[in-house]
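Enquirer:
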Amino acid sequence: MSISAGSPLASKALDERESRPSGPQARRSVAAERESILVGSLFSSPASIIISNAVGILVMLFSWFWSGDNAFYTISALSIVVLLGRLATIVRYRLACHDEEDHRAVRRWEIEFQIGATLFAILQGVCCYQAIGATDIAAVQILNVIAAVAFASGYVARNAARPKYVIVQVLCLCMPLMLGLEHSNQPYYRTIAVFIVLYMMTNFVIVLSLNRNLRALADATAQARENEASSRKHADQAHLALRSMTHGLVSFDETLSRELQNERHGELYGVHLETGDESLDGMLESAVRGRRLSRSDATLIRQDVHRTLKKQLATTRELTTPDGKTLLLHVEPTEASGALIVTEDITERKQTQQKIETMARTDPLTGMSNRHELDRMLASIGPGFKEGIGSVAILYIDLDDFKTINDTLGHATGDKVLVAIAERIRSAVRISDFLARFGGDEFVAIIPTADASASLATAERVMQALAPPILIGDRKFSISASIGAAVGPSHGSDGATLMTAADLALYESKSTGKSRVSLFKPEMAASFRRRTELEREMREGLAAEQFELHYQPIVEIASGRIVSAEALLRWNHPVKGRISPAEFIPIAERSDLISDLGEWVLRRAAGDLVRLPADVSMSVNVSPMQFRQPRRLVSAIRQILEEENAPAERLELELTESVLVDDPEQTLETMRELRSLGLRFSLDDFGTGYASIGYLATYSFDKVKIDRSFASVVGENEASRSVVELVQHLADRIGFTVVAEGLEDEAQVAAIAATGIPLAQGYFFGWPEPIDKLEARFADLAECHSA
948 MSISAGSPLA SKALDERESR PSGPQARRSV AAERESILVG SLFSSPASII
998 ISNAVGILVM LFSWFWSGDN AFYTISALSI VVLLGRLATI VRYRLACHDE
1048 EDHRAVRRWE IEFQIGATLF AILQGVCCYQ AIGATDIAAV QILNVIAAVA
1098 FASGYVARNA ARPKYVIVQV LCLCMPLMLG LEHSNQPYYR TIAVFIVLYM
1148 MTNFVIVLSL NRNLRALADA TAQARENEAS SRKHADQAHL ALRSMTHGLV
1198 SFDETLSREL QNERHGELYG VHLETGDESL DGMLESAVRG RRLSRSDATL
1248 IRQDVHRTLK KQLATTRELT TPDGKTLLLH VEPTEASGAL IVTEDITERK
1298 QTQQKIETMA RTDPLTGMSN RHELDRMLAS IGPGFKEGIG SVAILYIDLD
1348 DFKTINDTLG HATGDKVLVA IAERIRSAVR ISDFLARFGG DEFVAIIPTA
1398 DASASLATAE RVMQALAPPI LIGDRKFSIS ASIGAAVGPS HGSDGATLMT
1448 AADLALYESK STGKSRVSLF KPEMAASFRR RTELEREMRE GLAAEQFELH
1498 YQPIVEIASG RIVSAEALLR WNHPVKGRIS PAEFIPIAER SDLISDLGEW
1548 VLRRAAGDLV RLPADVSMSV NVSPMQFRQP RRLVSAIRQI LEEENAPAER
1598 LELELTESVL VDDPEQTLET MRELRSLGLR FSLDDFGTGY ASIGYLATYS
1648 FDKVKIDRSF ASVVGENEAS RSVVELVQHL ADRIGFTVVA EGLEDEAQVA
1698 AIAATGIPLA QGYFFGWPEP IDKLEARFAD LAECHSA
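Heads up, the sequence shown is in the numbering used here, so the first residue is 948 and it goes up one at a time.
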């Protein structure tokens, strides 16, 4: 038998299920169902109620007719009213739906029925009492006694579902009869009353016995209904599951005749129940004709089914259909020695998986491979060398000063420039070469079968491709790059080593002027080892007090008075001797050591500041790296000022122009917070970096120090002189003080003084010296003035 979830049988079952109530009251317990059945039995035969009550009323009317006693007429009239009420109850019960009734509703119907039945029994009892006690007509008495006995038996038979109410009805009927017999003048009537008592007790025993049997029958009926409802529910759920399944499902018996199929299977294979393809072969043939399967795939499915039947093992297969869908088939054995085929359309999942895999390997901005894919390629180089793939070159490309574009024009513009740069780099390499975006403005090219000359040639093509300005909107951007090249296996036997070598070569390009290509050389590794060694020894030296501060005076040109001193860090290595700040400061800035070193300088300078005259300030250089940790910087300076009891208004922090472009908003906020402590700020080396003249007003510097490349040639270079005069003019207008750096002779000092700049610094005024010598110098000056 074949059943589809869309067949009329399934639809009908589903509709019936959906039409039935749901929720807590949708299913009653067996006990509640039994009570409903027992109460329903009271209303089960309306004809018997009507006939019996009509006979009772006729007995009353005949008694009135024979005796002429109007009491019988009144009783019959009341009985008619009770009968009409009972008929109304029966009609309402028959018209009502009892599937959703709870226990209280069933109880109300029971009480309403018993009220009517009891009232009628009372009226019959009163009629019997009147017939025995108030009349002497034998026919009336016999008629009422016969009716009473018949009605009592009828109560037992008809209302056995509720024995306590049967007992009440029998008592209501027979007690008035017994009272009438007891009070009559007939000598044998009292004996009849005794027999009435025995008759009532017999009825009580019978009704209890009938009730037990009836309750057992009701229990069986309720349980049967429960089982039927449960089976119907499970069948409905099964049909609903088949109908709503996203997978196709079909089952075959041991002869490979179809047993069950859902709609989804028909949609996937183009096979429907009305086609009559009841066998596996017929189904597969129809799918092939409808181009839902290729013939080779149909053969594979047939083989899978036979293998499953033979070995009783499940199989899984992925197929691509002629219309491009990807299907995943599970063939499993059934308990009835047949086979079950479940088919899932995984086309979208496969497409999504491919997109995710592509995204996992690709940089979303440039479309190049990302760092994860680069790591995978680097990992394959070492095994490739062992298999004899020949040489491989790595180019490490770093854009020069690209961060300035992001900081000044925003990341949206920067991203557009990066996309254009990526396209140019692509145009400079072969299709077979591997390209990856390594970082924000860093790229890596892996070039197979390339020696040193080929790698340098490719690097030069990249440089040439980047040379023309890039046009974004109405802006032109001139972007250069520094490139480090390494070739394996001569520079490294695996990808990680080659990447390190290319990084060292890139560092060489950056440190020797940028916008150039450097090929790795072994001495670069030695330089790297020295930098690594110095970094480690710096940490040790900081703890061992190997560092000290020297101070170079800043002089008022007109008077020759020292107005400030710049703290300069010196490292006296116990083995290597004096190490230049130009060597160890960049190393510290490339690590996390710069913050510890900078805080040591600030603390020592604050302690030395209190040893200088009260009208002399002190300036301390702060690294851009320290401004990238603003909370730590502000907290450290606040703590140092409190612990060293140093006057904040005499302490100046010197910033280079690169600090201003790293994160302008954060830098400005940090400066405001430090200025609230009383500190002042100087802009160092103005003119050598990225800062524009607009920054002088934005950041409200107290001093601006003109770099020696301008200040030392003012007397010889008219352009430099114009720049210096412009800065001094701005100083007069905005309100900061200008300091000329790097002055070494009297002619340079005179040229600077002619521009109006008030302060100067350089070897002409004094070499950097320890605090003790500077303090002694101030003492000598004080003695001269006092003399």
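Each residue gets a CB set at the ideal place from its N, CA and C atoms; glycine is no exception.
These numbers come from a predicted model, not from an experiment.
Would DSSP call Asp1292 helix, strand or coil?
Expert: strand
Enquirer: Going along the chain, which residues of its own chain have a beta-carbon closer than 8 angstroms to the beta-carbon of Arg1508, five neighbours each way excluded?
Expert: Val1502
Enquirer: Quick one: what does DSSP say Thr1168 is sitting in, helix, strand or coil?
Expert: helix
Enquirer: Have a look at Leu1312, Asp1398, Glu1389 and flag the residue whose alpha-carbon is nearest the alpha-carbon of Ser1338.
Expert: Checking every option, the nearest Cα to that of Ser1338 belongs to Asp1398.
Enquirer: Where does Asn1132 land, buried or exposed, given buried means 16+ other C-beta within 10 angstroms?
Expert: When all chains shown are included, Asn1132 counts as exposed.
Enquirer: Can you find the residues in the same chain that come closer than 7 angstroms, C-beta to C-beta, to Ala1535, ignoring five residues on each side of it along the sequence?
Expert: Met1485, Ile1541, Leu1544
Enquirer: Between the segment 1521-1528 and the segment 1553-1570, can you find at least three pairs of beta-carbon atoms closer than 8 angstroms?
Expert: no
Enquirer: Which residue from Ala979, Gly1703, Val1696, Ala1687 puts its Cα closest to that of His1676?
Expert: Gly1703
Enquirer: Report the residue ranges of all beta strand (DSSP E) runs contained in full by the segment 1590-1629; include only those spanning at least 3 residues, in chain order.
Expert: With a minimum length of 3 residues, the continuous beta strand (DSSP E) runs that stay inside the segment 1590-1629 are 1598-1603.
Enquirer: Going by DSSP in three states, Ser1316 sits in which element: helix, strand or coil?
Expert: strand
Enquirer: For the alpha helix (DSSP H) that contains Arg1517, what are its first and last residues?
Expert: In the DSSP assignment, Arg1517 falls outside any alpha helix (DSSP H) and within the unbroken beta strand (DSSP E) covering 1509-1520.
Enquirer: With DSSP as the reference, please indicate the residues paired to Phe1633 in a beta bridge.
Expert: Ile1653
Enquirer: Could you tell me which residues DSSP puts in a beta bridge with Tyr1498?
Expert: Ala1514, Glu1716
Enquirer: When we look at the beta-carbon of Cys1119 and count the other beta-carbons within 10 Å, is it buried (16 or more) or exposed?
Expert: buried
Enquirer: Could you tell me which residues DSSP pairs with Tyr1454 in its beta bridges?
Expert: Answer is none; Tyr1454 lacks a bridge partner.
Enquirer: Can we say the segment 1024-1032 touches the segment 1059-1070, given the rule of at least three CB pairs closer than 8 angstroms?
Expert: Yes, the segment 1024-1032 is in contact with the segment 1059-1070.
Enquirer: Return the CA-CA distance between Val1674 and Glu1480, expressed in angstroms with no decimal places.
Expert: 42 angstroms
Enquirer: Which residues does DSSP pair with Tyr1343 in a beta bridge?
Expert: Val1391, Gly1431
Enquirer: Where do the ends of the beta strand (DSSP E) carrying Leu1207 lie?
Expert: 1205-1208
Enquirer: State the CB to CB distance for the pair Ile1681 and Leu1621, rounded to an integer number of angstroms; the pair is presumed to be in contact (CB under 8 angstroms).
Expert: Rounded to whole angstroms, the Cβ separation of Ile1681 and Leu1621 is 20 angstroms, and the two are not in contact under 8 angstroms.
Enquirer: From Ile1587 to Phe1712, what does the alpha carbon distance come to, in whole angstroms?
Expert: 30 angstroms
Enquirer: On the criterion of 16 or more Cβ atoms from any shown chain inside 10 Å, does Cys1044 qualify as buried, or is it exposed?
Expert: exposed
Enquirer: Nearest to Ile1352 by alpha carbon, out of Ser1010, Leu1515, Val1364, Ile1532?
Expert: Val1364
Enquirer: Give the straight-line distance between the Cα atoms of His1497 and Ala1552, rounded to the nearest whole angstrom.
Expert: 10 angstroms
Enquirer: Going by C-alpha distance, which of Ser1156, Glu1589, Val1686, Met1122 is nearest Ala1140?
Expert: Met1122
Enquirer: Can you tell me where the alpha helix (DSSP H) holding Pro1571 begins and where it ends?
Expert: 1571-1574
Enquirer: Quick check on the DSSP output: the beta strand (DSSP E) that includes Arg1422 runs from which residue to which?
Expert: Arg1422 -> beta strand (DSSP E) spans 1422-1424.
Enquirer: Are the CB atoms of Ile1372 and Leu1445 within a distance shorter than 8 angstroms?
Expert: Not closer than 8 angstroms, so no.
Enquirer: Nearest by alpha-carbon distance to Ile1417: which of Ala1367, Ser1570, Thr1396, Ala994 is it?
Expert: Per the C-alpha coordinates, the member of Ala1367, Ser1570, Thr1396, Ala994 positioned closest to Ile1417 is Ala1367.
Enquirer: By alpha-carbon positions, which one of Ser1014, Gln1170, Met1192 ends up nearest to Ala978?
Expert: Considering only Ser1014, Gln1170, Met1192, the residue with the shortest C-alpha distance to Ala978 is Gln1170.
Enquirer: For Arg1655, I'd like the list of residues in its chain whose CB is within less than 6 angstroms of its CB, leaving aside the five on either flank, ordered along the chain.
Expert: Glu1688, Gly1689
Enquirer: Give the straight-line distance between the Cα atoms of Cys1731 and Phe1574, rounded to the nearest whole angstrom.
Expert: 43 angstroms
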